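Undergrad: Sharing a structure, written as structure tokens. Questions coming.
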Amino acid sequence: MVIEETYRRAAAELHKEYPAVDAHLDLAGELLFRVQNKEENPLRGRYLEHLRAGGFRLIVSSVYLRDSELPEAGLRNALDQISVLLDEVEKNREFCMVRTREDMERALEEGRIGILLYMEGLDCIGKDLRLLRVLWELGVRGASLTWSRRNDLASGCCRAGEQVQIPGGLSPEGIRAVEEMERLGMFLDVSHLNDDGFEDVCRIAKKPFAATHSNSRSVHVHYRNLTDRQMEILAERGGVIGLNGCDSIVGCTGGEDPLEMLCRHVEHEIQTVGIEHVGLGLDFCDSYTEAEPGFARMIRPADCLGNHSRAPELTAALLQRGMSREDAEKFIGGNWISFFRKVLPDRYIRG
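Take 0 as the starting number for the sequence shown in numbering that gives the first Met the number 0 and just add one per residue.
Right, here's the structure in full:
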């Protein structure tokens, strides 16, 4: 897609003026890999410049566990990821942890980059729901019940790389986990959850929930994406859908224009649920994959935009296709900020 310079300049101004939010980044796991590899200050060296260039002021960092770490090493690895993330944030004053609404507002006022911590799957707790309180005390403020696999709480939508949906809804422990998360004040993420589990969540949840990194199944058929009806229900509950930038989920592995496909997802979602329920959840994974031990150099890039510094290109493309400045401000960050203002605690409260 050829973008006119006028729209590039307008997008650059928007990303300077309004805070951008990425609702899904596997930051904690990547930092752990890089620290274990003796890399000095990877948070600053790998991310600060790109985040500043893209105008990002809030990042939701997942704690993601690989199959090889489960079940025995799951909890230990999750704690290691959280510990390294806290250490990296503490030594870089440009960043701060966000545990409360007050933390987020302070970060926005001071021009720092807030990091909000959540679990991409609760495999590490097994059936022991008491550990949710432990995660809360460590600063975890949200979770998805599972990644793309079955665990003790729920079923993922499909195995990675496969298009066969895993059947089965929430287990009794999964139902209680949703109730306990809402009691504690953790937000629920339905990305990676299968259709049966989504129906169960709709029946159980009483608070707004989100899909931090999912796209439209009507634009590209993939079980990681949401149906129109799922998006409508999520919006009715006050949630937000984060645009995923992974090529297989966007649907641009066959030579399609990545920007064109990303715009199609955004525009369909806005048409379906309104601008107030659509944001960014870019799920950048190339840098994580590069940091992972045993990384194969032949693995092709999977990120449609590459890194956070290129997010204004997407905004420019949307402006060129008719999105207003007001809607663009909501899309790049305003909607997620409104969501977290609703779901984060006012101040720190013991679980």
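Even for Gly, the Cβ is constructed at its ideal location relative to N, Cα and C. Treat the numbers as computed from the prediction; the structure is a model and nothing was measured.
(1) Using the Cα positions of isoleucine 269 and tyrosine 6, report the straight-line distance between them to the nearest angstrom.
(2) Quick check for students: name the residue ranges of the beta strand (DSSP E) that lie wholly in the segment 218-257, counting only runs of 3 or more.
(3) If we count Cβ pairs, one from each stretch, closer than 8 Å, do we get three or more for the segment 238-258 versus the segment 279-295?
(4) With a CB to CB cut of under 7 Å and the five nearest residues on each side skipped, what residues in its chain are close to histidine 264?
(5) Restricting to Cα atoms, I'd like to know which of Arg320, Asn36, Lys37 and Cys251 is closest to alanine 301.
(6) Run through DSSP, which three-state label would glutamate 48 get?
(7) Just how far apart, CA to CA, sit aspartate 256 and glutamate 179?
(8) Who are the near neighbours of aspartate 285 in its chain, counting only those whose CB is closer than 7 Å to its CB and skipping five residues on each side?
(9) Kindly indicate the opening and closing residues of the alpha helix (DSSP H) around glutamate 198.
(10) Would the segment 311-327 count as touching the segment 9-26 if we require 3 or more Cβ pairs under 8 Å?
(11) Quick one: grab the DSSP three-state call for glutamate 119.
(12) Counting C-beta neighbours from all protein chains within 10 Å, is the total for glutamine 35 16 or more, i.e. buried, or is it exposed?
(13) Please report the distance separating the alpha-carbon of methionine 297 from that of glutamate 291.
(14) Scan the segment 322-346 and note each continuous alpha helix (DSSP H) run of 4 residues or more that stays entirely inside, going in chain order.
(15) What is the DSSP secondary structure of methionine 297, counted as helix, strand or coil?
(16) If distances are taken between C-alpha atoms only, which option among Leu318, Gly110 and Asn334 comes closest to glutamate 259?
(17) If you follow the alpha helix (DSSP H) that histidine 23 is in, where does it begin and where does it stop?
(18) Using CA coordinates, which residue listed in Val133, Lys126 and Arg320 is at the minimum distance from leucine 144?
(19) According to DSSP, is alanine 310 helix, strand or coil?
(20) Out of curiosity, what's the CA-to-CA distance linking aspartate 345 and phenylalanine 94?
(21) Could you give the residue range of the beta strand (DSSP E) that holds aspartate 188?
(22) With DSSP collapsed to three states, give me the class of glutamine 162.
(23) Would you mind reading off the limits of the beta strand (DSSP E) that contains glycine 278?
(24) If you scan the segment 74-98 from start to end, which runs of the beta strand (DSSP E) of 3 or more residues do you find wholly inside it?
(25) Please say whether aspartate 122 and leucine 169 have beta carbons closer to each other than 8 Å?
TA: Looking at the coordinates:
(1) Going from the Cα of isoleucine 269 to the Cα of tyrosine 6 covers about 20 Å.
(2) 240-242
(3) yes
(4) Around histidine 264: Asn214, Ser215, Val218, Leu242 and Val249.
(5) Cys251
(6) helix
(7) 43 Å
(8) Taken in chain order, the residues that qualify are Pro300, Ala301 and Asp302.
(9) 194-203 is the extent of the alpha helix (DSSP H) around glutamate 198.
(10) They touch, by the three-pair rule.
(11) Glutamate 119: strand per DSSP, three-state reduction.
(12) So glutamine 35 ends up on the exposed side.
(13) Residue placement at methionine 297 cannot be trusted, given a pLDDT of 48 that sits under 50; what the coordinates show is reported in the next sentence. If you take the alpha carbons of methionine 297 and glutamate 291, they lie about 14 Å apart.
(14) 324-328 and 334-342
(15) Confidence at methionine 297 is low in this model, with a pLDDT of 48, below 50, so its placement is unreliable and no value can be given for it.
(16) Cα-wise, what sits closest to glutamate 259 is Leu318.
(17) Histidine 23 -> not in any alpha helix (DSSP H); beta strand (DSSP E) instead, spanning 19-24.
(18) Lys126
(19) helix
(20) A direct Cα-to-Cα measurement between aspartate 345 and phenylalanine 94 gives close to 20 Å.
(21) 186-188
(22) Secondary structure of glutamine 162 (DSSP, three-state): coil.
(23) In the DSSP annotation of this structure, the continuous segment of the beta strand (DSSP E) that includes glycine 278 starts and ends at 277-279.
(24) 94-97
(25) no
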